[in-house]
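Okay, structure first, notes after.
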Amino acid sequence: MVAEDSAQILRQQVRAWLQANVPVGWRQAMTNSEQAAFVQLQRQWFGKLSAAGYATPHWPSEWPGGGRSLADQKVIYEEVARADAPRLILFFVALYHAACTLLECGSDAQRQTYLPKILAGEIWCQGFSEPNAGSDLASLKTRAERRGDNYVINGQKTWSTMAQYADRCLLLARTSKAEVPQAGLTYLLVDMHAPGVTVRPIAQITGDDEFAEIFFDDVEVPIEERIGEEGEGWAVAQATLASERGLTLVELSHRMRYALPLIAAQMRDSGREQDAALRRDLGRLIARVDATCALADRYLLKRISGEEAAGDASVVKLYYATTLREFSLLGSRIAGLAGQYDRGFMRGATQETGNWPVDFINSFNWSIAGGSNEIQRNIIAERMLGMPREPRSWQMTAR
Amino acid sequence: MADDGALMIPHMNNDVRELQDSARRVLAGLGLAADEAASWPRIADLGWLMISTTEELGGLGMGLAGACALQVELGRQLATVPFLPAVLAIEALAHGALADKVQWLERLTAGEIYVAVPLADCALNVQRDSRGALLLTGTLLAVPSADNASHVLLSTLNGEHVGLVATAQPGVTVIERATWDTTRRLFDLQFDAVELEEHHIVASGSQAQALAMRLAVQRDFLLAADAVGGAAALLQMTVDYLQARTQFGRPLALFQALKHRCADLKAQTEAAEALLLDSLGREQMDSADGIASAELAGKAAKQLACAAFATVAEEALQLHGGIGMTSEHNCHLFLKRALLNEHLGRAPDSYETGIADAFLASCQPTCASIQTL
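These protein sequence lines map, in sequence, to chains W and L. Numbering-wise, the numbering used here puts 316 at position 316 of the first sequence, and it's gapless, one number per residue. Numbering-wise, the numbering used here puts 312 at position 312 of the second sequence, and it's gapless, one number per residue.
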């Protein structure tokens, strides 16, 4: 088939390019590295990828690097995973969340203003969660008050990945108190260098500080920086959240498959290659990883063909998160005591590094962030299996 | 989004989909664990036994993917008919070298005769007698509905032959082995110096080994399909029960502790189905390498699907509470089929270790050491 041939040609091109360009020894370089080195590596790698046209394959064709078919995008992601290239963690929100939100819900002027900045390497962050609005995101309290041609923002956001480096923030704020909490929300683009914005990195249990708190103190945002209408922020936020599904999980699932040799290496290093019980566990894990890839691939196919059903994305995310946990736990169990020795952590690494305690901890990024496993289970139970929703107020059921 | 021409799912073409939809309706009409004697002529009339055979041989040409699509539906309704072994026998003959295979296939695909195949890994000793005749000795295990079979398809332990032997003859003893699963009827077939006649040899030498391997792969995929169907149906039945059953003044389905368990079961069921369909779409058994690759994929699909079905069955029994412990409720029929499925095919643990062994062998020389990462 012609399409298959062209995919095959692209695969070879991408593979050859990656072979020549993936930074050699980046894993060693990023272990216990300084933040500055991490930022530098990320910027360099983004520069190379975008110059080669591989950073934005999911963008439309009028943008540089865009216009790839989904089949071609999948080829690129599989090859990036295969080559064990660094993930573009610093640019992830800009390339996916911001770009997809602008493309889907932004105005022409907003697209013309911001997509070129993203291509030029602007860093974005997401300001959704708050200390008191996590799983119950719609209860968020950060206020955006209309004063003349500006909104004035006051409040606090948290768990904002890479916010300390960010130039711009995707902000979900409350513009009115409505009966339904989702109805009073508005979506704004905030300049992180504006007066009144304070960012405080949060020390994480891995030793990293990948995410941060953001404080907004009378921060002025021009009304042109609003995406969608006032009060319609919730719908825009759904577009933001949807962007990290699909291809991202295809990439991550395939990365997990290519990381399976880490388990084999650990078995060998620990002298337990012949251990029959471990072999059984490994066989089971391989089947699960294969199934994760198959689920992610199928989800993508369903999205393309318009057959996506409510809850499909939740199944992929839940299954990926639980498989990733098992992956790190098996590695950790094989490594034994030696696996518990502190070998530092790797900045900007993938989910699987063979530094098992860190991999284990990082696997919680996928079971908590972007809708926790528990939220995904609610969605699956309610929207796929048709089970009833919780009553809205616990007080209603108190008696 | 841009064009997506290359991302087709070859096995999920519309013909297969339509057939699967109609199979679902037909089987729902027959009911859960419907009577074997009444169902068999029905599935033969519908042409389901022709599903996998190529059009040149008079079949529907939908291959293993088509057979698996039907087996998913048969699993959903806990079908008692021996469709799975019948398809394996038909596949064996279609790929074998019997001189009169076209006549055999005509009768088999029409359901006129049934050739049974053991669903456990087993083979028979073979010796030549003074006349040079091949004499078979030993026991075949887990042969479904063997009392209805004119012949059984078997392999010899030395891997030299795959052949057919008539079941009703001196030297062959057919012993029913009642299982807890009452939706299948399994038999042992004991052979005491029974001749494997020259004109019943389906394959010999390396071709026999390749054929035996192919059949084991197909058996694994079909067992996976049966488990996928069973798991999906049982989960649906369990959710329906939780919706209908009221305690503490509300449906059980409202309790998050129960909803979340159902969600986990849904994810496992979906994963098993995705892996099965993905593998069926990807694997090509037209070369030795292709069969070796399909063997691994089949092991993974079988392991994952049967484990998922068993987990769903275990949880379903718990979630049904006391009613699930009563024989009049259907819950136990699923549970017992799920438990048996885990033990059909290869030895249960050998699936996991087989996958791991192949993986460890494949990444042996190039695997990075953890220390250097």
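Think of the CB as a built atom: it goes at the ideal place given N, C-alpha and C, for glycine as much as any other residue.
Worksheet item: Helix, strand or coil for W/F216 per DSSP?
Response: strand
Worksheet item: Where does L/L60 sit, in a helix, a strand or coil, going by DSSP?
Response: coil
Worksheet item: Of the residues that make up the segment 377-397 of chain W, which ones have a beta carbon closer than 9 angstroms to any beta carbon in chain L?
Response: R377, N378, I379, I380, A381, E382, M384, L385, G386, M387, P388, R389, E390, P391, T397
Worksheet item: Considering L/S206, what are the terminal residues of the alpha helix (DSSP H) in which it resides?
Response: 205-244
Worksheet item: In chain W, which residues lie with their C-beta within 8 angstroms of the C-beta of L/E270?
Response: L295, V315, Y319
Discussion item. Quick check: is the beta carbon of L/C367 nearer than 9 angstroms to any beta carbon in chain W?
Written reply: With a pLDDT of only 45 at L/C367, under the threshold of 50, the placement of this residue in the model should not be trusted; the figure read from the coordinates follows. Yes, because at least one Cβ of chain W sits closer than 9 angstroms to the Cβ of L/C367.
Fill in: Validate contact between the segment 132-150 of chain L and the segment 93-106 of chain L using beta carbons, cut 8 angstroms, 3 pairs
no
Fill in: Within-9 angstroms CB hit, L/V239 to chain W
yes
Fill in: L/L64 to L/E91 span [Cα, whole Å]
9 angstroms
Discussion item. When you compare the CB of W/P261 with every CB in chain L, is at least one pair closer than 9 angstroms?
Written reply: yes
Worksheet entry | Terminal residues of the alpha helix (DSSP H) in which W/F360 lies | 356-368
Worksheet item: Is DSSP giving L/L7 helix, strand or coil here?
Response: Only weak support exists for where L/L7 lies, its pLDDT of 35 falling under 50; the coordinates are left without a value.
Item to complete: Measure from the alpha carbon of L/N14 to the alpha carbon of each residue in L/V115, L/G66, L/A233, L/D35, then state which is nearest.
Response: L/G66
Item to complete: Decide yes or no for the touch test of the segment 287-301 of chain W against the segment 329-337 of chain W: beta carbon pairs closer than 8 angstroms, at least 3 of them.
Response: no
Item to complete: Determine which residues of the segment 288-300 of chain L have a Cβ less than 7 angstroms from any Cβ of chain W, and write them out in chain order.
Response: A300
Worksheet item: Candidates L/V143, L/L60, L/N148: which alpha carbon is nearest L/L154's?
Response: L/V143
Worksheet entry | Limits of the unbroken alpha helix (DSSP H) element including L/T179 | No alpha helix (DSSP H) contains L/T179, which DSSP labels as neither H nor E.
Worksheet item: Which residues, taken in chain order from the segment 229-260 of chain L, show a beta carbon closer than 9 angstroms to some beta carbon of chain W?
Response: L235, Q236, V239, L242, Q243, R250, P251, A253, L254, Q256, L258, K259, H260
Discussion item. Give me the chain W residues within the contact set of L/E352, using Cβ-Cβ distance strictly less than 8 angstroms, ordered along the chain.
Written reply: R279, R280, D281, L282, G283, R284, A287
Worksheet item: Applying the criterion that 16 or more other CB atoms from any shown protein chain within 10 Å of the CB defines a buried residue, is W/L337 buried or exposed?
Response: exposed
Fill in: Residue from L/A253, L/A310, L/Q284 whose Cα sits closest to the Cα of W/P388
L/A253
Worksheet item: Going by other Cβ atoms of all chains shown within 10 Å of its Cβ, with 16 needed for buried, is W/M1 buried or exposed?
Response: For W/M1, the predicted model reports a pLDDT of 46, less than 50, meaning its position is unreliable; a value from the coordinates is still stated below. Exposed.
Worksheet item: Start and end of the beta strand (DSSP E) containing L/F187?
Response: 186-196
Worksheet item: Since W/G336 is in the alpha helix (DSSP H), which residue starts that stretch and which ends it?
Response: 312-339
Fill in: Validate contact between the segment 215-225 of chain W and the segment 265-276 of chain W using beta carbons, cut 8 angstroms, 3 pairs
no
Fill in: Beta-carbon proximity list for W/D149, same chain, < 7 angstroms, skipping 5 on both sides
P222, I223
Practice prompt. Could you name the residues of chain L that W/E273 contacts, counting a contact when the two beta carbons are closer than 7 angstroms?
Written response: L360
Worksheet item: Between W/D290 and chain L, is there a C-beta pair that is closer than 9 angstroms?
Response: yes
Discussion item. Taking the straight line between their C-alpha atoms, what separation do you get for W/I377 and L/A257?
Written reply: Correcting the residue identity first, residue 377 of chain W is Arg in this sequence and not Ile. In a straight line, the C-alpha of W/R377 is about 10 angstroms away from that of L/A257.
Item to complete: Let me know if W/S61 comes out buried or exposed under the rule of 16 or more other beta-carbons within 10 Å of its beta-carbon.
Response: exposed
Discussion item. Buried or exposed for L/T54, going by 16 or more other Cβ atoms inside 10 Å?
Written reply: exposed
Item to complete: For the alpha helix (DSSP H) holding W/C293, just list the boundary residues, first then last.
Response: 276-304
Fill in: Contact with chain W by L/Q318, beta-carbon distance below 9 angstroms
no
Discussion item. Between L/L275 and chain W, is the shortest Cβ-Cβ distance under 9 angstroms, so that the two count as touching?
Written reply: yes
Worksheet item: For W/M192, which option in W/L301, W/Y54, W/A55, W/L171 has the closest C-alpha, if you only look at C-alpha atoms?
Response: W/L171
Fill in: Complete alpha helix (DSSP H) runs within the segment 60-127 of chain W (minimum length 4 residues, chain order)
70-82, 99-105, 108-119
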